[in-house]
Structures are given as structure tokens and as C-alpha cells.
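Chemist: Have a look at this one.
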Amino acid sequence: MTLDIQNVTKRFGELKALDDVSISIANGSLVCFLGPSGCGKTTLLRVVAGLELHDQGKLVLDGQDLSLVPARNRNFGVVFQSYSLFPNMTIAANVAYGLECRNWPRKEIALRVEEMLSLVHLNDQARKYPHQLSGGQQQRIALARALAPKPAVLLLDEPLSALDAKVREELRVEIRMLQQRLGITTIMVTHDQEEALTMADNVVVMRDGRVMQSGTPMELYRRPSNRFVAEFIGWMNIVPADMGLPFPENGRPAGSHPLVLGIRPEDIQLLAEQDALCLLQATVDQVTRLGNLTRVRLRISENGASSREVRIMAEIQGMGEGLEVGMNRCISVAGESVRVLEWR
Amino acid sequence: MNGSAPLPRGRRPRDLEPLFKVLVAAAIAVPLLVFVLYPLVHILGRSFQTPDGLGLANYAAVMGTQRFMRLVYNSFEVTVVTTVITVVLAYGFAYAVQRTCMPLKNLFRLIALIPLFAPSLVQAQGLVLMLGRNGLVNRTLGTDFSIYGYWGIVISSVLYVFPYAFLIFSASLALADNRLYESSRILGAGPLRTFWTVTLPSTRFALIASTFVVFTLVITDFGNPMVVGGDYSVLATEVYNQVIGQANFELGTVIGMVLLAPVAVAVAFEKWINRRSHAQISEGSQPLSVRPNPLRDRVFTAYSALICLAILSVVGIVIFASFTHLWPYRMEFSLRHYRFDVQGGIQPLWNSITIGLMAAGVGVVAAGLAAYVTEKFRTVLDSPLYFLCIVPAAVPGMVLGLGYILAFNAPGNPIYPLYGTLFLIAICNVYYYHAQGFLIASTSMKQISHTFDEASSTLGATFLRTMRKVTLPLMWPTLVGVAVFFFMRSMVTLSAVIFLITPSTQVAAVSVLFLEDRGAVNQAAAFSVCIMAVVVAVLIVARLVLNFFGHRHISLIR
Ligand SMILES: Nc1ncnc2c1ncn2[C@@H]1O[C@H](COP(=O)(O)OP(=O)(O)OP(=O)(O)O)[C@@H](O)[C@H]1O
Ligand SMILES: [Mg+2]
Numbered sequence: 000m001t002l003d004i005q006n007v008t009k010r011f012g013e014l015k016a017l018d019d020v021s022i023s024i025a026n027g028s029l030v031c032f033l034g035p036s037g038c039g040k041t042t043l044l045r046v047v048a049g050l051e052l053h054d055q056g057k058l059v060l061d062g063q064d065l066s067l068v069p070a071r072n073r074n075f076g077v078v079f080q081s082y083s084l085f086p087n088m089t090i091a092a093n094v095a096y097g098l099e100c101r102n103w104p105r106k107e108i109a110l111r112v113e114e115m116l117s118l119v120h121l122n123d124q125a126r127k128y129p130h131q132l133s134g135g136q137q138q139r140i141a142l143a144r145a146l147a148p149k150p151a152v153l154l155l156d157e158p159l160s161a162l163d164a165k166v167r168e169e170l171r172v173e174i175r176m177l178q179q180r181l182g183i184t185t186i187m188v189t190h191d192q193e194e195a196l197t198m199a200d201n202v203v204v205m206r207d208g209r210v211m212q213s214g215t216p217m218e219l220y221r222r223p224s225n226r227f228v229a230e231f232i233g234w235m236n237i238v239p240a241d242m243g244l245p246f247p248e249n250g251r252p253a254g255s256h257p258l259v260l261g262i263r264p265e266d267i268q269l270l271a272e273q274d275a276l277c278l279l280q281a282t283v284d285q286v287t288r289l290g291n292l293t294r295v296r297l298r299i300s301e302n303g304a305s306s307r308e309v310r311i312m313a314e315i316q317g318m319g320e321g322l323e324v325g326m327n328r329c330i331s332v333a334g335e336s337v338r339v340l341e342w343r
Numbered sequence: 000m001n002g003s004a005p006l007p008r009g010r011r012p013r014d015l016e017p018l019f020k021v022l023v024a025a026a027i028a029v030p031l032l033v034f035v036l037y038p039l040v041h042i043l044g045r046s047f048q049t050p051d052g053l054g055l056a057n058y059a060a061v062m063g064t065q066r067f068m069r070l071v072y073n074s075f076e077v078t079v080v081t082t083v084i085t086v087v088l089a090y091g092f093a094y095a096v097q098r099t100c101m102p103l104k105n106l107f108r109l110i111a112l113i114p115l116f117a118p119s120l121v122q123a124q125g126l127v128l129m130l131g132r133n134g135l136v137n138r139t140l141g142t143d144f145s146i147y148g149y150w151g152i153v154i155s156s157v158l159y160v161f162p163y164a165f166l167i168f169s170a171s172l173a174l175a176d177n178r179l180y181e182s183s184r185i186l187g188a189g190p191l192r193t194f195w196t197v198t199l200p201s202t203r204f205a206l207i208a209s210t211f212v213v214f215t216l217v218i219t220d221f222g223n224p225m226v227v228g229g230d231y232s233v234l235a236t237e238v239y240n241q242v243i244g245q246a247n248f249e250l251g252t253v254i255g256m257v258l259l260a261p262v263a264v265a266v267a268f269e270k271w272i273n274r275r276s277h278a279q280i281s282e283g284s285q286p287l288s289v290r291p292n293p294l295r296d297r298v299f300t301a302y303s304a305l306i307c308l309a310i311l312s313v314v315g316i317v318i319f320a321s322f323t324h325l326w327p328y329r330m331e332f333s334l335r336h337y338r339f340d341v342q343g344g345i346q347p348l349w350n351s352i353t354i355g356l357m358a359a360g361v362g363v364v365a366a367g368l369a370a371y372v373t374e375k376f377r378t379v380l381d382s383p384l385y386f387l388c389i390v391p392a393a394v395p396g397m398v399l400g401l402g403y404i405l406a407f408n409a410p411g412n413p414i415y416p417l418y419g420t421l422f423l424i425a426i427c428n429v430y431y432y433h434a435q436g437f438l439i440a441s442t443s444m445k446q447i448s449h450t451f452d453e454a455s456s457t458l459g460a461t462f463l464r465t466m467r468k469v470t471l472p473l474m475w476p477t478l479v480g481v482a483v484f485f486f487m488r489s490m491v492t493l494s495a496v497i498f499l500i501t502p503s504t505q506v507a508a509v510s511v512l513f514l515e516d517r518g519a520v521n522q523a524a525a526f527s528v529c530i531m532a533v534v535v536a537v538l539i540v541a542r543l544v545l546n547f548f549g550h551r552h553i554s555l556i557r
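Chains as they are written, first to last, in numbering that gives the first Met the number 0: chain A, 0 to 343; chain B, 0 to 557.
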């Protein structure tokens, strides 16, 4: 099932919670909506689920416009942050609920419930009630309940954020494996970039109701198209373009020149002062040794036209022997690993 | 495997559920319009109706008189004095229950709530038996003391409304942030200073709310003033006298309207205050730990014991009198008053029970559905429907009852076939108490998370299925509470039904009033005792059922 979100806008009174959002989701892929709190991720998911009505735009599933189809007829599986298992029903009854709504025969319901519970490894809990299960188990049941009616699309709203770190890690892997095995088109909302980068085929970074960039985790990391994405995903040094650092020419709008550059810390090389490749002179400010990795903060002494003091973070492999605060070092970087984040 | 099923194509065109929801919301509003607004409009219209067309003549005729000014003055005098006394006494009592280490708290609490289980004039009944012209005191001491009049009304009214005020204060004092009290103590404040600077301000909403609730109850009460008022007339008794005594509906309606005004203002104010009283306790609040303090605990125990003694003695004397041969002349034990060989016999009690059961059934459906629709449907009709649901709180029972006669006792009216039936009396009770029943249900519905509804609908359920499978199973303990509430109030209420009864639809609480009026105090007492027994029995059964299913936290006494 391919899902196309086309120019969707949603207002809450004055506030534009979604502003002309367009996303295309390929069949069988897992897409993460990622962004800071209040950027509209949940709203977008709820619009897709049919729990919220959008003001403008279209939702198209395999060529079919969903905009007027109510939530109960969309056949989307939704997993909420708060599990929201029905407290008055057993685990088995919870999983069977969607099947009963679709009037499946009893026999098939029983079989399907069995199948779904074994999918999440909780067969032995069928007769229990939700409050007798741990948070992680409840969320697995919620997943089984959402998947039972063979939904067209699976929607997950921060499904792991109420769980503790270890359970979260386990479930991440489990959800991803399940999703790939079933080949089900999935949208997951999260504000945890690690979660998004490790699980998703595609990540959509949002801010203030707008899509800032979407692409594979690698694309977003290697080629952030603006400052917000650069800073939101991983760490990136943001420096003025007039310091004498090289930058790639591709994608340069005609007649413009770069304004702001982004450089990942691991792309920076630290050389001896007199090295021939030296681009900028810098002074070591701080050295943090993390074992296999050393993080070095440097202060650029002479930085071209700009008089602002610029600090740069570099990451070098190994213990960084011989590096000490106060030393002078020379900075070098390959032009192709620099990103121009703003042109003028 | 890709098990994704295609969308069901047949159901693609426009969803009818939103339209259906608006229709249901409108349907829920219809009975409220018919059984609340229509009678009110009718009574209002009638008050302007004069032999020469519409006009203010009735108002002029009533308000111009010396007698009317007297009535207004009397009503306010009694009400204000009663309100002040009750609020102070009930606050102290609630404080004792919630904030001291008094022993036997639960017993004290239960005793304070007894008046809720009894017909609303039981206090006056008890007072008359004890301090009336032929009361125990005059009989045994040979004095010629009379309780009838102003003080009789005040004392019986205080006892009547005491539990209502106590419940409000008790709920408010139960909430407290221990951190505030600790910091007050650390800053060196003594107990009295802490009370003035922390406790009292944090219960200010309860103080305002209970003041208005008590005010409303007292100014509209007519059972107690009828029995113990003597020559001291108030507005409520005047409505009764004009309508029943002199068949003067016009003047009755005018006085009813005069009564409606202050009540409406009080209720509106109380609701308004209530809206802004939320979230007094912030996240991270710590429950108050009350530490023993021998002197304080002893003082409050003595105080509470005195109050309980007063409540118990008034109710106790009624129970006692019902078992004597002829109060106060022949005090030997007798069951003869339980033969109910008076006119009509025991039928009124059965009528009351029937009405109570019908009111419980209809009330649960009406209040429950209204709460469901206003909480869950999110239609354009939400606000008007909510307003309609709580309007009855501002209508004095007598005014509603009078409205029923005027509106429905007309052969052409579609409701006319119901007129003179127990069912219409039950309906009247349901809508008289609708606001409270509705609020109980909607408060509990608010606590059921929205995500259950959303989860259910994304799984493919219609809202009817959601209601049947999810909402109702989660709501039923509260609905039992709502049913018990309607039953209990229907058993003991007087004012809403007084105008609606006929000889064949006599109810027990009215029997008490009539028997008392005729001087048949023993039989009146026996009727009161039966009412109390039924109410208590139902409460116990409901409690046991709820406890059996693990719902101890659902409170039944409201
Ligand atoms: N029902 C609503 N009524 C009014 N405003 C709303 C409503 N729901 C969301 N908003 C507003 O819309 C904006 C986006 O909210 P949304 O819940 O989609 O954010 P989010 O990205 O999911 O944030 P979080 O990570 O905190 O869950 C917020 O500013 C929020 O206050
Ligand atoms: Mg969210």
C-alpha cells in the first residue's frame, strides 16, 4: 500500500498545526515522523488515522482518496503511546476486538488471536487482563491488536516512549522485524532521533507543522539541506562560509555564494601546525577521551573576515595521544564532506 | 506475507455517523425541553395571565401587599440564619473528620449523613415530637413551651441541610498538599495561624459552593416550615397555601417565580465558581498526614459527638414514637401504627418505591445518555445540551411541580395521558434531580480516557459498539451510583411531587406531611421509618454489589 499525503493543512484556531505537508510513503516501508515537541507529528498521524479532520489537502491510499473515510472504515492499525488496551477485556478479547468489528467467524477469530499472540510471544497471557501485564507486554499486545485485522497501514504514536530504556531497545528491534516480515507500510512518530535513524527506511523531519526534509537516515545525516536538520540529527559544526574552508559546488543556485557551512566532527582532520594541507590555525580548548574516540574542541584563532570567535568540534579515532589543552593544531577538511546549509 | 486488505469500497461515500450523532444529541434534548423548559415557560406565562389579558396585575397584586413583604423577609431571615449556622457547624464537623485523629470517624460520618435517608421533613417531625405543644418535654416537665415558628424552622432546616454542606466540606478538606502545611510549620506558624493562612483559603471554593447549595435548599424547602412553622409563613409554604388551599394558581405562580429568581442566581454563581475551582492540587502534591494532638482531638470529638447526638435524637425520637401506643400519652410498645389502617393504607409506600424504581431506571438512561453525548459526541449541540442538563438545578421543586400541573393537566396536551400516573411523578423527580445525576455521570465519563474511544474506532467499531463494549462496561459502577441517587431522592422528596399526587398516586413522604398535619404523629412517624428503612436497605444492597465486584471507591451517598 502506498500512501500519499498531499498538501495537508490543519489548523487549531489560529495555530497552523500542519502547514502544507506532502509526504509519499512507499509500499512496505517504515517511515518515521521526527521532530521536536509540538511540531505536529501526532496531529499528522491522527489526520492519517482519520481521528482528526484536515482542513485542506488529500490523503491517497493506492490511488483512492481517503479524506472522507471515517477512522473506523480506513482499516489502519493504530498503536497509542498509552497502550490504551480496554481494561474491561482480557488480552485475547482485546486482540479479537477488531476482528469482531469486521464480523469474522468465531473459529477464525480464535485462530488469528492465537497467531497474533505468538507473533508477540505472549500466548501464555491470553486470559489475563491488561493491568496484570508490564508496560512492555501491554505495548506488544497493543501491537498485536492493531495488526490482527490485517490493516492496510500501521500507525505508531511514540509507542516506546513510556517504556524504560532496556525494554525500549528490545521492542525497537522486535517492531522492526515484525514490520519487515509482514511487509506492512508503517508510520511511526517519535522525537527520539536514535529511534528514527535505527528503525526507519525513511525519516521525515518536521518543525512547526512543516516538513523540513525527508529521506533515508543516511541522506539526512550526510546531506542535511538546512540548518535545522543539520543540528537536529547528530552533531554538526555550523560555521560561516568566509573562513577559507572548501565547499562543494554542486547544487549552487546561480549567482549566489555560500553563507553557512556544516561539517560533521568526524570529517575534520587535525594536523601538525606546519602541515602543508593546513587550512586554519586553531587552539585546543578541551579534550574529552571516550576510549575508542576522542572529542576535541578547538578555538579558531584567525578566522578570515569575520571577527566572531568560532569553535569547532572534531572527533578523532583512538585516544588522541599527545593532544593537550592549549596546543596549536591545524584544521583540514575535504571539500566534498562539507555541506552548504545556506546560500545567499 | 502482506495481509493488507483493501478498503471496503461499498462504504466509501459520505459517512453518516456525524449526522446521526447530531440527531441523537437533538433527541436527547427533546425530553429536557418537554419536561423542564416547557413547564417553566408555561408557569411564567401563567403568572402574567390576568382576567383582562397578559399583564403585570398578578405581580402587582402579590407584591404590593404587606403580607408579601413579610413573607420575603421571613424567607430570607430563616434562610440566611440557617445558612450561616449550617456552614459553620458543618465546616467544623468536616474538619474533625478529615483533619483530626478523632476516633470512630466512620461512625460519625455515617450519622451525619442520616438526614439524607429520611423524608425531608423528618427533622420537623422529630422536633414536634420532642418540643411541640404535646411534646415529650412539655409532657414530662409540665411546661408550656412551643417550638413552632422561627426557631423551629431554623433548627429543623439546619439539621436537614447539614449533610449536604458536610459532604462538600469533607471532599474539599480531604484534598490537601502536605508541603504547604510543612512549610507553614517550618516558618513557625501556630495551628490557628496555619488554619487562617493555609486551610481556610484552600477551602474557599467549598465555602462558597456550600453556602449557595444550603441557601437554595433552605429557601425552597417547604416540608419543615409546614410542620413546625406555625404562624411563621415563608414563600415556599405560601405557594402551597395559595395553590392547594385557595386554588389560586396565578398567585401561586407569581410567588413561585419570586422564589425562582434567587435560586437561579445562586445556582448560576455556584456553577461559575465550580468551573474555576479545578486543579487546586498540583502534580507532586503530597497527601496530608494528620498527626495526633490530644487536646484538639478531644475537643473535636466532643463537638462531633454533640452534633451527632442532635441528629440522632431527632431521627431517633421519630423511630421511637412510631413504636409507642399513643405519643406522648401512652408510651408502651406497640406495633399498631405499622398496620397502616389509615386512609390509603400502605399503598403510598409502594407507590414511592415504584416511583423510585422508575425514576432510577429513567434517570440512569436520561442522565447517562446526556453525559455520554455531551462528553463523547463533540457535536455543535454540546453547549446548549449541557446547559439544558443543568438548568433543573436552578428550579425549585415546587415550581417544577406547579409547572407540570399547568402544562400537562390539559386534555389536549400530548402528555395528558400520563397525567395522574406514577410515571409522570417519576419523570418529575428525574428532571428535578437531573443536574446532579448528569454531573455524577459526566464526571466519571471524563475520567475514561478518550484514547479508548479512538482505539475502538480505529479498530473498526461504530460508536454504538464502542458504547456497548467499552464505555458501558467501564461506566456501570457509576451508573449504579446514579440509579441509587435517583431512587433515594425520589423516596424522600416532597416539594417536586406535592402538586402532582392524587388520591391514587399518594406517595409516602406526602403521607407523612398529611398525617402530621392531622395530628396523627405516630402514624406519620411509622411512615417515615418505613421510608428510611427502604432507602437504607437499597443502599446496603447496592454497596454490597459494588464491593463484590471490587468497586469500593464508588460513593453512593450524595
Ligand atoms: N486538539 C487540539 N486543539 C488545539 N491545539 C492542538 C490540538 N492538538 C494539538 N494541538 C496543537 O498543535 C500543535 C502540534 O501538536 P502535536 O500534538 O501534533 O505535536 P507533537 O509533534 O506530537 O508533539 P509531542 O512530541 O509533544 O507529542 C501543538 O502546538 C499543539 O498544542
Ligand atoms: Mg505527540
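Ideal placement from N, C-alpha and C gives every residue a C-beta, glycine not left out.
Determine which residues share a DSSP beta bridge with S23 of chain A and list them.
Modeler: For the purposes of this step, residue 23 of chain A is taken as the residue at position 24 of the first sequence. Paired residues: A:D3.
Chemist: Is the CB of L29 of chain A under 8 Å away from at least one CB in chain B?
Modeler: Residue 29 of chain A sits at position 30 when you count from the first residue of the first sequence. By this cut-off, L29 of chain A is not an interface position.
Chemist: Quick check: the Cα distance between A4 of chain B and E99 of chain A, rounded to an integer number of angstroms?
Modeler: Here residue 4 of chain B refers to the residue found at position 5 of the second sequence. Here residue 99 of chain A refers to the residue found at position 100 of the first sequence. For A4 of chain B, the predicted model reports a pLDDT of 43, less than 50, meaning its position is unreliable and no value from the coordinates is stated.
Chemist: Can you tell me which of A:L170, A:A151, A:M115 puts its alpha carbon nearest to the alpha carbon of I186 of chain A?
Modeler: On the first sequence, position 187 is the one that residue 186 of chain A refers to. The shortest Cα separation from I186 of chain A among A:L170, A:A151, A:M115 belongs to A:A151.
Chemist: Within the structure, which residues are defined as neighbours of ligand 1 by a Cβ-heavy atom distance below 5 Å, reported in chain order?
Modeler: The filter returns A:F11, A:A16, A:S36, A:G37, A:C38, A:G39, A:K40, A:T41, A:T42, A:H190, in chain order.
Chemist: Mind pulling the alpha helix (DSSP H) runs of 4 or more residues that sit fully within the segment 137–223 of chain B?
Modeler: Fully enclosed alpha helix (DSSP H) runs of 4 or longer: 149–173, 177–185, 190–193, 203–219.
Chemist: For ligand 2, is there any heavy atom lying closer than 7 Å to the beta carbon of D156 of chain A?
Modeler: Working through the first sequence from its first residue, we reach residue 156 of chain A at position 157. Answer for D156 of chain A: yes, Cβ within range of ligand 2.
Chemist: At the 8 Å Cβ level, is A70 of chain A part of the contact set with chain B, yes or no?
Modeler: One-based indexing of the first sequence puts residue 70 of chain A at position 71. Judged by the 8 Å Cβ criterion, A70 of chain A is in contact with chain B.
Chemist: If you drop the 5 nearest sequence neighbours on each side, which residues of the same chain put their C-beta closer than 7 Å to that of A366 of chain B?
Modeler: To locate residue 366 of chain B, count along the second sequence from 1; it is residue 367. Correct list, in chain order: H433, G436, F437, A440, V481.
Chemist: Can you round the beta-carbon distance between F498 of chain B and L421 of chain B to whole angstroms, since I take them to be within the 8 Å contact cut?
Modeler: Taking the second sequence and counting its residues from 1, the one referred to as residue 498 of chain B is at position 499. Taking the second sequence and counting its residues from 1, the one referred to as residue 421 of chain B is at position 422. F498 of chain B to L421 of chain B, Cβ: 15 Å. No contact.
Chemist: Please name the residue, chosen from B:F486, B:V483, B:S448, B:R488, that lies closest to V469 of chain B on a Cα-to-Cα basis.
Modeler: The count along the second sequence starts at 1 and reaches residue 469 of chain B at position 470. Comparing Cα-Cα distances from V469 of chain B to each of B:F486, B:V483, B:S448, B:R488, the minimum goes to B:S448.
Chemist: According to a CB-to-CB cut-off of less than 8 Å, which residues of the segment 4–38 of chain A neighbour chain B?
Modeler: If the cut-off is 8 Å between Cβ atoms, the segment 4–38 of chain A has G27 near chain B.
Chemist: If you follow the beta strand (DSSP E) that W342 of chain A is part of, which residue opens it and which one closes it?
Modeler: Sequence index remark: in the first sequence, residue 342 of chain A carries index 343 (1-based). Its beta strand (DSSP E) spans residues 337–342.
Chemist: Quick check on DSSP: helix, strand or coil for C100 of chain B?
Modeler: Taking the first residue of the second sequence as position 1, residue 100 of chain B is located at position 101. C100 of chain B falls in the coil class under three-state DSSP.
Chemist: Who are the neighbours of C100 of chain A on chain B, taking C-beta pairs under 7 Å?
Modeler: To locate residue 100 of chain A, count along the first sequence from 1; it is residue 101. Residues of chain B passing the Cβ test: L458, G459, A460, R464.
Chemist: Specify the secondary structure class of R45 of chain B as computed by DSSP and reduced to three states.
Modeler: Along the second sequence, read from residue 1 onward, the residue named residue 45 of chain B stands at position 46. It is helical.
Chemist: With a threshold of 7 Å, establish whether the CB of V188 of chain A neighbours any heavy atom of ligand 2.
Modeler: In the first sequence, the residue the question calls residue 188 of chain A occupies position 189. Under cutoff, so the answer is yes.
Chemist: So V77 of chain A contacts chain B; which residues on that side make the cut at Cβ distance below 9 Å?
Modeler: As a first step, residue 77 of chain A must be located in the first sequence, where it is residue number 78. The answer, in chain order, is E453, A454, T457, L458.
Chemist: Expressed to the nearest angstrom, what Euclidean distance is found between the alpha-carbon atoms of S510 of chain B and A111 of chain B?
Modeler: Counting from one through the second sequence, the residue named residue 510 of chain B turns up at place 511. Counting from one through the second sequence, the residue named residue 111 of chain B turns up at place 112. C-alpha separation (whole angstroms): 25 Å.
Chemist: Just list the residues that DSSP pairs M466 of chain B with in beta bridges.
Modeler: For the purposes of this step, residue 466 of chain B is taken as the residue at position 467 of the second sequence. Bridge partners of M466 of chain B: none, in fact.
Chemist: Quickly, what does DSSP pair A281 of chain A with across the bridge? List them, please.
Modeler: To locate residue 281 of chain A, count along the first sequence from 1; it is residue 282. A281 of chain A is bridged to A:I299, A:R328.
Chemist: By how many angstroms is the C-alpha of F451 of chain B removed from the C-alpha of S83 of chain A?
Modeler: Residue 83 of chain A sits at position 84 when you count from the first residue of the first sequence. Residue 451 of chain B sits at position 452 when you count from the first residue of the second sequence. The straight-line gap from Cα to Cα measures roughly 6 Å.
Chemist: Taking only beta-carbon positions, decide if I161 of chain A is within less than 8 Å of chain B.
Modeler: As a working note, residue 161 of chain A is residue 162 in the first sequence. Here residue 161 of chain A turns out to be Ala, not Ile, going by the sequence shown. For A161 of chain A, the answer is no, since every Cβ of chain B falls outside 8 Å of its Cβ.
Chemist: What separation, rounded to the nearest whole angstrom, lies between the Cα atoms of V264 of chain B and A393 of chain B?
Modeler: Translated into positions along the second sequence, residue 264 of chain B becomes position 265. Translated into positions along the second sequence, residue 393 of chain B becomes position 394. Looking at the two C-alpha atoms, the distance is approximately 8 Å.
Chemist: Could you tell me the distance, in whole angstroms, from the CA atom of A495 of chain B to the CA atom of T477 of chain B?
Modeler: In the second sequence, the residue the question calls residue 495 of chain B occupies position 496. In the second sequence, the residue the question calls residue 477 of chain B occupies position 478. Cα to Cα, the separation comes out at about 25 Å.
Chemist: What would DSSP say about N546 of chain B, mapped onto helix, strand or coil?
Modeler: Walking along the second sequence from the start, residue 546 of chain B turns up at place 547. If DSSP states are grouped into helix, strand and coil, N546 of chain B belongs with the helices.
Chemist: With C-beta atoms as the reference, is T323 of chain B less than 8 Å away from S333 of chain B?
Modeler: In the second sequence, the residue the question calls residue 323 of chain B occupies position 324. In the second sequence, the residue the question calls residue 333 of chain B occupies position 334. Yes, the Cβ-Cβ distance between T323 of chain B and S333 of chain B is below 8 Å.
Chemist: Would you kindly report the start and end of the unbroken alpha helix (DSSP H) that includes F498 of chain B?
Modeler: By one-based count along the second sequence, residue 498 of chain B stands at place 499. Here F498 of chain B belongs to no alpha helix (DSSP H), and DSSP marks it neither H nor E.
Chemist: What is the residue span of the beta strand (DSSP E) that V202 of chain A lies within?
Modeler: On the first sequence, residue 202 of chain A is found 203 positions in, with the first residue counted as 1. 201–206 is the span of the beta strand (DSSP E), which, as asked, contains V202 of chain A.
Chemist: In angstroms, rounded to a whole number, what distance separates the CA positions of M88 of chain A and P472 of chain B?
Modeler: In the first sequence, the residue the question calls residue 88 of chain A occupies position 89. In the second sequence, the residue the question calls residue 472 of chain B occupies position 473. Cα-Cα distance, rounded: 9 Å.
Chemist: Taking a contact to mean a Cβ-Cβ separation below 8 Å, would you say T64 of chain B touches F214 of chain B in this structure?
Modeler: Counting from 1 along the second sequence, the entry for residue 64 of chain B is found at position 65. Counting from 1 along the second sequence, the entry for residue 214 of chain B is found at position 215. No.
Chemist: Can you confirm whether the segment 160–171 of chain B touches the segment 86–98 of chain B when touching is taken to mean that 3 or more C-beta pairs between the two stretches lie within less than 8 Å?
Modeler: Touching, yes, given that three or more Cβ pairs across the two stretches are closer than 8 Å.
Chemist: Using a Cβ-Cβ cut-off of less than 7 Å, give me the residues of the segment 87–116 of chain A that come near chain B, in sequence order.
Modeler: Going along the segment 87–116 of chain A in chain order, one finds N87, Y96, G97, C100, R101 with a Cβ nearer than 7 Å to chain B.
Chemist: Give a yes or no on whether the minimum CB-CB distance between S66 of chain A and chain B is below 8 Å.
Modeler: Along the first sequence, read from residue 1 onward, the residue named residue 66 of chain A stands at position 67. No, because no Cβ of chain B sits closer than 8 Å to the Cβ of S66 of chain A.
Chemist: Could you have a look at I280 of chain B and say whether DSSP puts it in helix, strand or coil?
Modeler: Translated into positions along the second sequence, residue 280 of chain B becomes position 281. For I280 of chain B, the predicted structure reports a pLDDT of 48, less than 50, and the residue's modelled location is therefore unreliable. The matter cannot be settled from this model.
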